[in-house]
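Step one of this worksheet: look at the structure below.
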Amino acid sequence: MNWAATPLLIPLLTALLLLLGRPGVGRRYVAACSALLQLGVALYLLSRTYAGETLVLPVGRWAAPFGIVLVMDTLSAVMVCLASLIALASLLYGFAESPVHLEHPLRLPLMQFLLLGINLSFCTGDLFNLFVGFEIMLIASYALLTLEADDWDIKQAYPYVAINLVGSALFLCAAGLAYGLFGTLNFADIALRSATMGADPRVQTLAMLLLVVFGIKAGLFPLYYWLPNSYPTLPYPLAALYAGMLTKVGVYVLARVFGTVLPHDLHFAHQGLAVLAGFTMVIAVLGALSRQFIRGILSFHILSQIGFMVLAIGFFTPLAFAAAIFYIIHHIIVKASLFLIGGVAAELNGSDNLARGGHLWRHAPWLGVLFLAQALSLAGLPPLSGFWGKYVILVVGFEQGRYLLVLAALVASLLTLMSMLKIWNATFWGGNAHTPLRLESPRWRPMTCVIAALTLLSLGIGLGAEGVMQIALQAAAQVLDQQGYAAAVFSAMGKGTLP
Amino acid sequence: MQLETAILVGVLFACGTYLILQRSFVQILFGFVILSNAANLLVLSMAGLPDGKTPPIVGEPAAPMVDPLPQALILTAIVIGFGVIAYLVLLLYRLFLDQRTTNAAELYAETEADSHE
Numbered sequence: 001m002n003w004a005a006t007p008l009l010i011p012l013l014t015a016l017l018l019l020l021g022r023p024g025v026g027r028r029y030v031a032a033c034s035a036l037l038q039l040g041v042a043l044y045l046l047s048r049t050y051a052g053e054t055l056v057l058p059v060g061r062w063a064a065p066f067g068i069v070l071v072m073d074t075l076s077a078v079m080v081c082l083a084s085l086i087a088l089a090s091l092l093y094g095f096a097e098s099p100v101h102l103e104h105p106l107r108l109p110l111m112q113f114l115l116l117g118i119n120l121s122f123c124t125g126d127l128f129n130l131f132v133g134f135e136i137m138l139i140a141s142y143a144l145l146t147l148e149a150d151d152w153d154i155k156q157a158y159p160y161v162a163i164n165l166v167g168s169a170l171f172l173c174a175a176g177l178a179y180g181l182f183g184t185l186n187f188a189d190i191a192l193r194s195a196t197m198g199a200d201p202r203v204q205t206l207a208m209l210l211l212v213v214f215g216i217k218a219g220l221f222p223l224y225y226w227l228p229n230s231y232p233t234l235p236y237p238l239a240a241l242y243a244g245m246l247t248k249v250g251v252y253v254l255a256r257v258f259g260t261v262l263p264h265d266l267h268f269a270h271q272g273l274a275v276l277a278g279f280t281m282v283i284a285v286l287g288a289l290s291r292q293f294i295r296g297i298l299s300f301h302i303l304s305q306i307g308f309m310v311l312a313i314g315f316f317t318p319l320a321f322a323a324a325i326f327y328i329i330h331h332i333i334v335k336a337s338l339f340l341i342g343g344v345a346a347e348l349n350g351s352d353n354l355a356r357g358g359h360l361w362r363h364a365p366w367l368g369v370l371f372l373a374q375a376l377s378l379a380g381l382p383p384l385s386g387f388w389g390k391y392v393i394l395v396v397g398f399e400q401g402r403y404l405l406v407l408a409a410l411v412a413s414l415l416t417l418m419s420m421l422k423i424w425n426a427t428f429w430g431g432n433a434h435t436p437l438r439l440e441s442p443r444w445r446p447m448t449c450v451i452a453a454l455t456l457l458s459l460g461i462g463l464g465a466e467g468v469m470q471i472a473l474q475a476a477a478q479v480l481d482q483q484g485y486a487a488a489v490f491s492a493m494g495k496g497t498l499p
Numbered sequence: 001m002q003l004e005t006a007i008l009v010g011v012l013f014a015c016g017t018y019l020i021l022q023r024s025f026v027q028i029l030f031g032f033v034i035l036s037n038a039a040n041l042l043v044l045s046m047a048g049l050p051d052g053k054t055p056p057i058v059g060e061p062a063a064p065m066v067d068p069l070p071q072a073l074i075l076t077a078i079v080i081g082f083g084v085i086a087y088l089v090l091l092l093y094r095l096f097l098d099q100r101t102t103n104a105a106e107l108y109a110e111t112e113a114d115s116h117e
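Just so you know, the sequences run in chain order A and B. Heads up: the first sequence at position 282 corresponds to 282 in my numbering, and the numbers run straight through without jumps. Heads up: the second sequence at position 55 corresponds to 55 in my numbering, and the numbers run straight through without jumps.
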């Protein structure tokens, strides 16, 4: 049995099953079991790919350059693993947050379709299926964004939809141009055919176009304005899922396309990535400082941290790629749990506006401890998980003599800490709560349990950084090994002759 | 043929972009329709002329054949485009119902993100 398709089949079948069923407790069990199963499969895939195997599934047994291939290497497996983990956490948190009868009947199926799109983006081995994966993900995300929206939220959803529609059209053009240029859309085939074309201006143009397309998805500096207003309109568990996964799909694809697919001597594009990342880090964190509600601050932070990851990709060494992957692993878990903490704080205070909350520390000290751990981790304090990725990125920056970018990264970290302190001061430590805390609400304790599990995991990543770094190093080596990738894809079983 | 197609794609992109930047919802909607069709046409034109290309069939082709792959691609892209446009129509209609306006500039005139609780 070839396992590469299981991350697609599980959410697809679950979504259909959930659509058949009536809203109720049973559906929640199905969704949770499916997420658990997916996590198990993803961990199994990770163990196999970490052992050095690249799982390739030629769909319909058509050989690689003609048929569709699904490819699962260490980075894909890591990302699938994280996606199922965050989906599980967000499902469980959602179950704790809202009673069954208040749940929108389409929320659970749409979350499964969202996962399907995300996983397809991670598994696919050709540019057009990447487009299809993105579209499945985006349409599900549009629907979830507007599913439970009030009239204010709808106004924020429109820019998200509009900008991503333009991005999709550009992506389609990029895929068409890539086909015209290389005569193929298969990643491995493009990698082989473009290996000697590095300095060709057509390849450079295509690279810039892809940078813009995936820059929109990832939320790079001039292209991110759709994000900080639309994410805060989501319900908290969905906001955690979006914040954790969606922009990281963009970062994953940037790593995949610039590492595996396009030739490695596109210095101009790499330089562009690094510079844009520098701007993203600093400007987005300034945006975070300007916001007055928790979800707004956290949404701007996503962008700032995207800057760190893309900066590492722009440095373009195996070590920098490993740092980016480590940072992705850390960031997805920490960011999702911060959004969930924001949800509990809003539940207790009745609002996530900083001016209206306060004094949570006195009544819910454990929530405060969890927030502190994750906030300091986000800012990058040494024993916590955020430190290691940043440290390696800065070391690579110093080695390459990019002092300005390193300085920008340090300033962004400091400002991150400041804006986290803003939440801490207004919500946990001081504040002027007019309304009494809703401590009698039975829901916030199980919600906190989910957050505690995620926080323990991120502490584990910080303390066991060496092991995680090993995985990241292997994933980075595989992403940058174009010949190995192509060999794995072309040697997969299929009919027809191999080139 | 290549040049004419290229010009057509360029004109469609220009029209689509111009319409998307307008204020009326209907114009914006048509802008997106035109933009997605322009992208489809671009993919189709990437098939190029069939001269000197061998189709992926067994045996000798009886006549010049077109590259089937871009056609398969735009078939998928058209279906996806339909779905997205249908969603956009509903979104804009919902916006009109909620805000009683079809003017985008009016809609976002006094937006302040921080005013939301």
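We put the beta carbon where it would ideally sit given N, CA and C, even for glycine.
_Can you confirm whether the segment 384-398 of chain A touches the segment 279-293 of chain A when touching is taken to mean that 3 or more C-beta pairs between the two stretches lie within less than 8 Å?_
no
*Just reading off the alpha helix (DSSP H) that Leu43/A is part of, what are its end residues?*
Counted from its first residue, the first sequence places residue 43/A at position 43. Counting along the chain, the alpha helix (DSSP H) containing Leu43/A begins and ends at 25-50.
*Given that Ala14/B touches chain A, what residues does it touch there, using C-beta distances under 9 Å?*
In the second sequence, the residue the question calls residue 14/B occupies position 14. Result: empty, since nearest Cβ-Cβ is about 13 Å, beyond 9 Å.
*Using a Cβ cut-off of 7 Å, which residues of the segment 71-82 of chain B contact any Cβ in chain A, in chain order?*
Leu73, Thr76, Ala77, Ile80
_Bounding residues of the beta strand (DSSP E) (the contiguous stretch that carries Val59/A)_ = For the purposes of this step, residue 59/A is taken as the residue at position 59 of the first sequence. Neither: Val59/A is in no beta strand (DSSP E) and is coded neither H nor E.
_Per DSSP, the bridge partner or partners of Met72/A_ = On the first sequence, residue 72/A is found 72 positions in, with the first residue counted as 1. For Met72/A, which the question treats as bridged, DSSP gives the partners Leu55/A.
*So is Tyr179/A buried or exposed if we call it buried at 16+ other beta carbons inside 10 Å?*
The count along the first sequence starts at 1 and reaches residue 179/A at position 179. When all chains shown are included, Tyr179/A counts as buried.
*asked:* Can you pull out the residues from the segment 143-163 of chain A whose beta carbon lies closer than 9 Å to at least one beta carbon of chain D?
replied: Among the protein chains of the structure shown, namely A and B, there is no chain D.
*State the Cα-Cα distance for the pair Ile328/A and Val468/A, rounded to the nearest angstrom.*
The count along the first sequence starts at 1 and reaches residue 328/A at position 328. The count along the first sequence starts at 1 and reaches residue 468/A at position 468. Roughly 11 Å between the two C-alpha positions.
_chain B contact for Phe128/A (CB, 8 Å cutoff)_ = As a position in the first sequence, residue 128/A is number 128, starting the count at 1. By this cut-off, Phe128/A is an interface position.
*With distances taken between CB atoms, is the gap from Leu192/A to Asn164/A smaller than 8 Å?*
By one-based count along the first sequence, residue 192/A stands at place 192. By one-based count along the first sequence, residue 164/A stands at place 164. No, the Cβ-Cβ distance between Leu192/A and Asn164/A is not below 8 Å.
_Short CB-CB distance (under 8 Å) between Leu3/B and chain A_ = Here residue 3/B refers to the residue found at position 3 when the second sequence is read from its first residue. For Leu3/B, the answer is no, since every Cβ of chain A falls outside 8 Å of its Cβ.
*Please state whether DSSP places Phe501/A in a helix, a strand or coil.*
Coverage of chain A is limited to positions 1 through 499, which leaves residue 501/A absent and any answer about it impossible.
*Determine the burial state of Asp151/A: buried for a count of at least 16 other Cβ atoms within 10 Å of its Cβ, exposed for fewer.*
Residue numbering aside, residue 151/A sits at position 151 when the first sequence is read from its first letter. Label assigned to Asp151/A: exposed.
*Are Leu115/A and Ala175/A close, meaning C-beta to C-beta below 8 Å?*
As a working note, residue 115/A is residue 115 in the first sequence. As a working note, residue 175/A is residue 175 in the first sequence. No, they are not a contact pair.
*Can Ser385/A and Gly462/A be called in contact, C-beta distance under 8 Å?*
Your numbering for residue 385/A matches position 385 in the first sequence. Your numbering for residue 462/A matches position 462 in the first sequence. A contact, by the Cβ cut-off of 8 Å.
*So, using beta-carbon positions, are Pro7/A and Val71/A closer together than 8 Å?*
Locating residue 7/A in the first sequence gives position 7, counting from the first residue. Locating residue 71/A in the first sequence gives position 71, counting from the first residue. Cβ distance not < 8 Å, so Pro7/A and Val71/A don't count as in contact.
*Does the distance from the C-beta atom of Phe258/A to that of Ala269/A stay below 8 Å?*
As a working note, residue 258/A is residue 258 in the first sequence. As a working note, residue 269/A is residue 269 in the first sequence. The answer is yes: Cβ separation under 8 Å.
*At which residue ranges does the segment 425-481 of chain A contain complete alpha helix (DSSP H) runs of 4 or more residues, listed in the order of the chain?*
444-463, 465-480
*How would you call Trp366/A, buried or exposed, if buried means at least 16 neighbouring beta carbons within 10 angstroms?*
Along the first sequence, one-based indexing puts residue 366/A at 366. With fewer than 16 other Cβ atoms within 10 Å, it is exposed.
*Applying a beta-carbon distance threshold of less than 9 Å, which residues of chain A neighbour Leu124/B?*
Nothing in the structure corresponds to residue 124/B, since chain B is present only between 1 and 117.
*Count the CB pairs spanning the segment 54-66 of chain A and the segment 210-223 of chain A that are closer than 8 Å, and state whether there are at least three.*
no
*For Tyr93/B, which residues in chain A fall below 7 Å Cβ to Cβ?*
Residue 93/B sits at position 93 when you count from the first residue of the second sequence. The contacting residues do not exist; Tyr93/B stays about 11 Å from chain A at best.
*Give the DSSP-derived three-state secondary structure of Asn103/B in the structure shown.*
Counting from 1 along the second sequence, the entry for residue 103/B is found at position 103. Of the three classes helix, strand and coil, the one that applies to Asn103/B here is strand, per DSSP.
*For the alpha helix (DSSP H) containing Phe221/A, list its first residue and its last residue.*
The count along the first sequence starts at 1 and reaches residue 221/A at position 221. Looking at the DSSP string, Phe221/A is not in any alpha helix (DSSP H), and its letter there is neither H nor E.
_Host alpha helix (DSSP H) of Gly180/A (start-end)_ = Here the question's residue 180/A lines up with position 180 in the first sequence. Gly180/A -> alpha helix (DSSP H) spans 151-182.
*asked:* I need the boundaries of the alpha helix (DSSP H) containing Tyr327/A, first residue and last residue.
replied: In the first sequence, counting from the first residue as 1, residue 327/A sits at position 327. It spans 318-349 - the alpha helix (DSSP H) in which Tyr327/A sits, taken as one unbroken run.
*Do the segment 141-149 of chain A and the segment 190-205 of chain A meet, that is, are 3 or more Cβ pairs less than 8 Å apart?*
no
*Listed from N- to C-terminal order along the chain, which residues in the segment 91-108 of chain A have their beta-carbon within a distance smaller than 7 Å of any beta-carbon of chain B?*
none
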